[in-house]
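> Provided herewith is a single structure, encoded as structure tokens, for subsequent inquiry.
Structure (structure tokens):
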């Protein structure tokens with residue numbers, strides 16, 4: 001019997017809490033964990049935790065968000081009750097599959113609308129060379145008034161020139177220098193900005209432009225009055241058919257929302273994994289114990305110690321004790337991400353290894369990226385043992401089994417640490433080429449076992465009970481990682 005320790009359980013996995021307490025020889029802590037009518041969580045610790053070493057067991061399954069908030073509230077309640085240390089025990093860590101990835105699988109970054117070439121067609125990638133001149137944004141945008149060769153740019157575009165127009169007229173910034181009335185914009189005393197679809201003229205020094213004209217007409221000093229009137233009439237005629245906005249007008253909602261997601265690129269998404277780690281530490285967790293994190297680097301996001309237990313010894317023991325032909329079998333990883341985990345088991349057992357490469361490419365019909373699975377290795381006439389850390393919808397594992405059977409495998413096992421099996425995973429497994437699937441009880445499996453005759457469950461409560469005992473007494477837990 002372990003003394004001065006408190007085991008507190010959440011609502012996610014009561015059976016695991018009972019098993020751990022039975023192994024340690026202590027009763028679970030008496031607590032009240034319910035919901036108010038509004039849906040908010042209510043937690044009340046009935047036993048004293050002052051000066052105690054508290055371990056709260058809550059798995060990331062079922063109602064994941066509710067269970068996680070319950071865990072944070074229980075941690076805070078224990079810290080408020082003057083607990084010496086609070087350790088969060090999460091057999092399946094929630095949000096561990098999205099620790100720091102700012103992209104999604106098929107995503108796309110915000111990409112600009114396609115650029116039009118000089119001929120008015122969509123510019124292709126092949127049209128660009130090192131000598132290419134960048135395309136002018138918005139071919140229908142009118143050109144601005146030009147400066148003469150002798151004008152100093154810094155003086156012509158000075159604040160005084162823009163505000164009063166005097167220096168602009170003096171230095172030849174378009175318009176008739178002898179005309180003091182000027183025109184709208186920077187060439188006259190009126191400081192209003194040019195708006196598309198308008199034309200202005202005065203005397204012989206007016207500038208007539210129209211949005212939507214690819215070759216706007218500019219009337220410089222010395223032009224005749226008839227030319228100015230003709231240009232103004234042409235501008236007025238095209239103004240009615242011109243687009244109501246320029247390419248830099250933020251009132252144009254079609255331009256503001258003109259960034260569309262394109263397949264083949266990545267889209268920024270929230271980094272929920274880092275947030276979950278911060279929430280646990282802010283709630284008051286002093287230590288975290290979990291098993292087979294989907295991304296091992298997730299441990300680095302915590303400011304407190306994290307013990308990531310491995311399910312490898314448990315799975316390896318099952319292979320040796322329950323698969324008599326395992327020495328001639330092939331350990332198979334269903335994707336490249338789990339190759340390291342599968343090769344570790346294959347090397348320990350001294351058996352062959354195969355890999356299923358999953359490649360995602362968009363099809364010609366749709367931009368949706370479908371995964372194509374390719375087998376690397378020989379499995380003809382052999383028993384295959386698929387090894388992975390987690391199965392949620394079981395789509396990957398069932399497709400892998402189908403591929404292995406098509407390549408000549410005689411029998412197909414699937415060994416998984418976390419059998420979440422959500423959605424239609426159970427019917428998919430029952431109809432798949434899998435002959436047997438073995439999971440641990442890191443999440444409740446009672447209902448799954450009744451619905452799936454292929455399912456077999458391994459108990460991990462002894463592993464967590466021993467880890468809790470060793471952490472409580474300050475002993476090393478490295479022995480839990482080893483099995484020969």
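Numbering (UniProt numbering), first residue to last: 1 to 484. Where a beta carbon is used, it is the ideal one built from N, C-alpha and C, also for glycine.
Please give me, in chain order, every unbroken run of the alpha helix (DSSP H) with length at least 4 that falls completely inside the segment 320-364.
Qualifying alpha helix (DSSP H) stretches, in chain order: 339-349.
> Would you call residue 382 buried or exposed, if buried means 16 or more other Cβ atoms sit within 10 Å of its Cβ?
As a position in the chain shown, residue 382 is number 382, starting the count at 1. Its Cβ being crowded by 16 or more others within 10 Å, residue 382 is buried.
> Can you give the beta carbon distance from residue 280 to residue 21, rounded, assuming they're within the 8 Å contact cut?
Residue mapping note: residue 280 aligns to position 280 of the chain shown, counting from 1. Residue mapping note: residue 21 aligns to position 21 of the chain shown, counting from 1. In fact, because the Cβ distance is near 23 Å, the residues do not count as touching under 8 Å.
> Measuring alpha carbon to alpha carbon, tell me which residue in 332, 464, 342 is nearest residue 374.
Translated into positions along the chain shown, residue 374 becomes position 374. Closest option to residue 374, Cα to Cα, is 332.
> Looking at residue 26 and residue 465, is the spacing between their C-beta atoms short of 8 Å?
As a first step, residue 465 is located in the chain shown; it is residue number 465 there, counting from the start. As a first step, residue 26 is located in the chain shown; it is residue number 26 there, counting from the start. No.
> Where residue 479 and residue 472 are concerned, what is the direct C-alpha to C-alpha distance, given to the nearest angstrom?
Counting from 1 along the chain shown, the entry for residue 479 is found at position 479. Counting from 1 along the chain shown, the entry for residue 472 is found at position 472. Approximately 15 Å, taken between the alpha carbons.
> Does the CB of residue 69 have a neighbour CB from chain C at under 8 Å?
Absence of chain C from the displayed structure is noted, only one protein chain being present.
> Can you list the beta strand (DSSP E) stretches of 3 or more residues lying completely in the segment 13-67, in chain order?
Listed in chain order, the complete beta strand (DSSP E) runs (minimum 3 residues) inside the segment 13-67 are 31-35, 41-45, 53-57.
> Thinking residue 306 and residue 286 are a contact (beta carbons under 8 Å), I'd like their distance in whole angstroms, please.
Locating residue 306 in the chain shown gives position 306, where the first residue counts as 1. Locating residue 286 in the chain shown gives position 286, where the first residue counts as 1. Their Cβ separation, rounded to whole angstroms, is 11 Å, which puts residue 306 and residue 286 out of contact at 8 Å.
> Which residues bound the beta strand (DSSP E) around residue 308?
One-based indexing of the chain shown puts residue 308 at position 308. Note, residue 308: beta strand (DSSP E), 306-309.
> Can you tell me the Cα-Cα spacing of residue 10 and residue 443, whole angstroms?
Within the chain shown, residue 10 is the residue found at index 10, counting from 1. Within the chain shown, residue 443 is the residue found at index 443, counting from 1. Cα to Cα, the separation comes out at about 13 Å.
> Give a yes or no on whether the C-beta atoms belonging to residue 330 and residue 355 are separated by under 8 Å.
Your numbering for residue 330 matches position 330 in the chain shown. Your numbering for residue 355 matches position 355 in the chain shown. Their beta carbons are not under 8 Å apart, which means residue 330 does not touch residue 355 by this criterion.
> For the beta strand (DSSP E) containing residue 456, list its first residue and its last residue.
As a position in the chain shown, residue 456 is number 456, starting the count at 1. That run of the beta strand (DSSP E) goes 455-458.
> Since residue 90 and residue 276 are thought to touch, with beta carbons under 8 Å apart, how far apart are those beta carbons, to the nearest angstrom?
Locating residue 90 in the chain shown gives position 90, counting from the first residue. Locating residue 276 in the chain shown gives position 276, counting from the first residue. Their Cβ separation, rounded to whole angstroms, is 10 Å, which puts residue 90 and residue 276 out of contact at 8 Å.
> Could you spell out the range, first to last residue, of the beta strand (DSSP E) harbouring residue 388?
One-based indexing of the chain shown puts residue 388 at position 388. Per DSSP, residue 388 belongs to the beta strand (DSSP E) from 383-391.
> For the pair the segment 290-300 and the segment 395-414, tell me if three or more CB-CB distances fall below 8 Å.
No, the segment 290-300 does not touch the segment 395-414.
> Within the same chain, show all residues whose beta-carbon is closer than 6 Å to that of residue 435, passing over the 5 residues directly before and after it, in chain order.
Indexing the chain shown from 1 puts residue 435 at position 435. Around residue 435: 411, 412.
> Look at residue 7 and residue 29 and say whether their C-beta atoms are less than 8 Å apart.
For this step, residue 7 is matched to residue 7 along the chain shown. For this step, residue 29 is matched to residue 29 along the chain shown. Yes; because the gap between Cβ atoms is below 8 Å, this pair is in contact.
> For the beta strand (DSSP E) containing residue 287, list its first residue and its last residue.
The sequence position of residue 287 within the chain shown is 287, counting from 1. From DSSP, the beta strand (DSSP E) with residue 287 extends over 287-291.
> Give, in chain order, every unbroken run of the alpha helix (DSSP H) that is at least 4 residues long and sits entirely within the segment 395-436.
Fully enclosed alpha helix (DSSP H) runs of 4 or longer: 395-406, 425-430.
> For residue 353, which residues of its own chain have a beta-carbon under 6 Å away from its beta-carbon, when the five flanking residues on both sides are left out?
For the purposes of this step, residue 353 is identified with residue 353 of the chain shown, where counting begins at 1. Contacts found: 331, 343, 346.
> My output table needs one value for residue 469: the three-state DSSP class, helix, strand or coil.
Against the chain shown, residue 469 aligns to sequence position 469. Of the three classes helix, strand and coil, the one that applies to residue 469 here is helix, per DSSP.
> Would you grab the beta carbon distance between residue 315 and residue 420 for me? Rounded to a whole angstrom, and I think it's under 8 Å.
The residue you call residue 315 lines up with position 315 of the chain shown. The residue you call residue 420 lines up with position 420 of the chain shown. So it is not a contact: roughly 17 Å between Cβ atoms.
> Tell me whether residue 467 is buried or exposed, calling it buried when 16 or more other Cβ atoms sit within 10 Å of its Cβ.
By one-based count along the chain shown, residue 467 stands at place 467. Residue 467 is buried by the Cβ-count criterion.
> To which residues does DSSP link residue 5 through a beta bridge?
Along the chain shown, one-based indexing puts residue 5 at 5. Looking at the DSSP assignment, residue 5 forms a beta bridge with 53.
> Is it the case that the Cβ atoms of residue 77 and residue 43 are separated by a distance below 8 Å?
Translated into positions along the chain shown, residue 77 becomes position 77. Translated into positions along the chain shown, residue 43 becomes position 43. It is a contact, given that the beta carbons lie within the stated cut-off.
> Check whether the Cβ atoms of residue 12 and residue 59 lie closer than 8 Å to each other.
On the chain shown, position 12 is the one that residue 12 refers to. On the chain shown, position 59 is the one that residue 59 refers to. The answer is yes: Cβ separation under 8 Å.
> Strictly by DSSP, which residues pair up with residue 374?
For this step, residue 374 is matched to residue 374 along the chain shown. DSSP, once it has assigned bridges, lists 357 as partnering residue 374.
> Quick one: what does DSSP say residue 75 is sitting in, helix, strand or coil?
Translated into the one-based positions of the chain shown, residue 75 becomes position 75. If DSSP states are grouped into helix, strand and coil, residue 75 belongs with the helices.
> Taking C-beta to C-beta, are residue 351 and residue 327 nearer than 8 Å?
Locating residue 351 in the chain shown gives position 351, where the first residue counts as 1. Locating residue 327 in the chain shown gives position 327, where the first residue counts as 1. Yes, these two residues count as a Cβ contact at 8 Å.
> What number of angstroms, rounded off, separates the C-alpha of residue 422 from the C-alpha of residue 391?
Start at 1 with the first residue of the chain shown, and residue 422 comes out as number 422. Start at 1 with the first residue of the chain shown, and residue 391 comes out as number 391. Distance between the alpha carbons of residue 422 and residue 391 is about 9 Å.
> Could you tell me how far apart the beta carbons of residue 45 and residue 81 are, in whole angstroms, since I believe they sit closer than 8 Å?
If you number the chain shown from 1, residue 45 lands on position 45. If you number the chain shown from 1, residue 81 lands on position 81. Going by Cβ atoms, the distance from residue 45 to residue 81 rounds to 6 Å, so yes, they are a contact pair.
> State the start and end residues of the unbroken alpha helix (DSSP H) segment that holds residue 83.
Position 83 of the chain shown, counting from 1, holds the residue named residue 83. Careful: residue 83 lies outside any alpha helix (DSSP H) and carries neither H nor E.
> Smallest Cα separation from residue 432: which of 323, 393, 440?
Within the chain shown, residue 432 is the residue found at index 432, counting from 1. Looking at the Cα atoms, 393 is the closest of the given residues.
> Evaluate residue 48 with the Cβ neighbour count: other Cβ atoms within 10 Å of its Cβ, from every protein chain shown; 16 or more gives buried, anything less gives exposed.
Here residue 48 refers to the residue found at position 48 of the chain shown. Looking at its Cβ environment, which holds fewer than 16 other Cβ atoms inside 10 Å, residue 48 is exposed.
> In this structure, how does DSSP classify residue 440 when only helix, strand and coil are distinguished?
As a first step, residue 440 must be located in the chain shown, where it is residue number 440. Residue state, collapsed to three classes: strand.
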